[in-house]
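These notes concern the structure reproduced below.
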Amino acid sequence: MAILEACLLAKRFGPVTAVEEVSLTVAEGEIAGLLGPNGAGKSTTLHMLLGLVTPDSGSVRLFGLDLDRHRTEVLSQVNFSAGYLGLPGVLQVREVLDAFARLYGLRHPARRVAEVVGLLDIGSLLKRKVIDLSSGQQTRVHLAKALLNEPRLLVLDEPTAALDPDTGDRVRRLLVDLARESGRAMLITSHNMREVERMCDRIHFMSAGRIVASGTAAELAADFEVADLEEVFLKVARQ
Ligand SMILES: Nc1ncnc2c1ncn2[C@@H]1O[C@H](COP(=O)(O)OP(=O)(O)O)[C@@H](O)[C@H]1O
Ligand SMILES: [Mg+2]
1 MAILEACLLA KRFGPVTAVE EVSLTVAEGE IAGLLGPNGA GKSTTLHMLL
51 GLVTPDSGSV RLFGLDLDRH RTEVLSQVNF SAGYLGLPGV LQVREVLDAF
101 ARLYGLRHPA RRVAEVVGLL DIGSLLKRKV IDLSSGQQTR VHLAKALLNE
151 PRLLVLDEPT AALDPDTGDR VRRLLVDLAR ESGRAMLITS HNMREVERMC
201 DRIHFMSAGR IVASGTAAEL AADFEVADLE EVFLKVARQ
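For the sequence shown, UniProt numbering gives the first residue as 1, with consecutive numbering after it.
Below, the structure written as structure tokens:
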């Protein structure tokens with residue numbers, strides 16, 4: 001079953017067309033990648049899929065339900081993390097996770113907080129204030145928060161941008177394991193082509209508000225007659 005079906009999404013901000021026309025599906029257990037140069041419309045697309053930005057036209061179905069008509073039911077099964085989202089810096093990590101667990105109305109909040117703390121290996125950070133954490137530590141806290149409600153779809157906007165190669169690698173493995181073990185679907189943006197090659201089952205390239213190519217990393221490289229995704233990116237961006 002399709003976890004996500006976006007049909008002909010479009011969005012303008014005044015004179016700027018951020019998204020011209022985007023249609024996209026993500027299947028259960030799939031890790032999908034959304035790539036493209038700065039300003040291509042990736043974040044705006046994600047924000048429409050999450051109900052954060054209202055499209056000018058087009059529709060979004062999540063888990064077979066229309067996002068507009070079943071907003072609460074649908075969004076309770078989704079979560080989102082992005083480098084540009086702040087968490088309340090004066091709170092301790094434990095307080096942040098407890099607050100979100102309550103906000104999400106989890107049935108066993110304390111148990112689930114303990115689980116995500118284990119998954120992201122952040123037990124030693126629980127008493128620290130968010131503002132005092134390194135960006136890698138903050139990313140792990142963000143991901144812990146994003147997993148609290150056991151989302152069927154996890155949307156991640158440049159999740160590993162602030163991470164050193166070692167921490168980035170750990171986070172990537174964790175995300176892949178989560179998708180493989182639980183059938184959780186993910187939609188990820190990244191400018192790290194190796195990361196996308198390794199993680200994503202299917203990749204969608206955006207340019208100027210449109211998806212201009214879709215496929216596996218190998219299919220895209222073959223279509224564009226280049227060696228790898230990095231070269232696909234350069235070709236798409238310079239067309
Ligand atoms: N809230 C907004 N108001 C005005 N313009 C916006 C807004 N959000 C995005 N844009 C514009 O839409 C275009 C696409 O932006 P964005 O979706 O952030 O691209 P990407 O994530 O691919 O870098 C850019 O030109 C950006 O300046
Ligand atoms: Mg963006």
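Beta carbons: idealized from backbone N, C-alpha and C, even for Gly. Here the structure is a predicted model, which means the values were calculated and not measured.
Local conformation of residue i per DSSP, three classes
i: T45; result: helix
i: A82; result: strand
i: G168; result: helix
i: D68; result: coil
i: E150; result: coil
i: T17; result: strand
i: R111; result: helix
i: S57; result: strand
i: T189; result: strand
i: L163; result: coil
i: K235; result: helix
i: E5; result: strand
i: L156; result: strand
i: P122; result: What sits at residue 122 in the sequence shown is Ile, not Pro. Correct three-state label for I122: coil.
i: G89; result: coil
i: V212; result: strand
i: V74; result: helix
i: V176; result: helix
i: L97; result: helix
i: K129; result: strand
Residue i to residue j span [Cα, whole Å]
i: D223; j: V236; result: 12 Å
i: L119; j: V171; result: 10 Å
i: V19; j: H108; result: 40 Å
i: L220; j: H70; result: 35 Å
i: K42; j: D164; result: 23 Å
i: I3; j: A27; result: 5 Å
i: V176; j: T139; result: 16 Å
i: Q137; j: R238; result: 35 Å
i: S214; j: S190; result: 15 Å
i: L153; j: E225; result: 33 Å
i: G123; j: R94; result: 9 Å
i: A227; j: A217; result: 10 Å
i: residue 243; j: E231; result: No answer is possible for residue 243: it lies beyond the span of the chain, which begins at 1 and ends at 239.
i: K127; j: M199; result: 32 Å
i: L91; j: I203; result: 37 Å
i: H17; j: E197; result: One point to set straight first is that residue 17 is Thr, not His, in the sequence displayed. Cα-Cα distance, rounded: 29 Å.
i: L85; j: D132; result: 16 Å
i: R173; j: R102; result: 28 Å
i: L49; j: A110; result: 30 Å
i: residue 289; j: T25; result: Residue 289 lies beyond the residue range present for the chain, which begins at 1 and ends at 239; the question has no answer from this structure.
Cutoff 6 Å; reference residue i; Cβ partners in own chain excluding five residues on either side
i: L147; result: V116
i: K61; result: For the record, residue 61 in the displayed sequence is Arg; it is not Lys. So the qualifying residues of the chain are E5.
i: R210; result: E20 and E21
i: A82; result: D157
i: D201; result: E30 and I31
Nonlocal neighbours in the same chain, by C-beta distance under 8 Å from residue i, ignoring five residues either side
i: V96; result: L87, P88, V130, V141 and K145
i: R180; result: G29
i: M206; result: V22, L34, L35, G36, A40, G41, K42, T45 and V212
i: S134; result: none
i: A162; result: G83, S135, G136, Q138 and T139
Close-in-space but distant-in-sequence residues of the same chain around residue i (CB under 7 Å, 5 per side omitted)
i: S59; result: C7 and D66
i: N149; result: S76, N79, Y104 and L106
i: L178; result: R184
i: G64; result: M1
i: R112; result: A101, L106 and L148
i: N192; result: T160
Can you pull every residue whose C-beta falls closer than 6 Å to some heavy atom of ligand 1, listed in chain order? F13, V16, A18, G36, N38, G39, A40, G41, K42, S43 and T44
Does the structure place the stretch 43-59 close enough to the stretch 4-16 that three or more beta carbon pairs sit under 8 Å? yes
So, does the stretch 185-194 touch the stretch 33-40, judging by three or more C-beta pairs under 8 Å? yes
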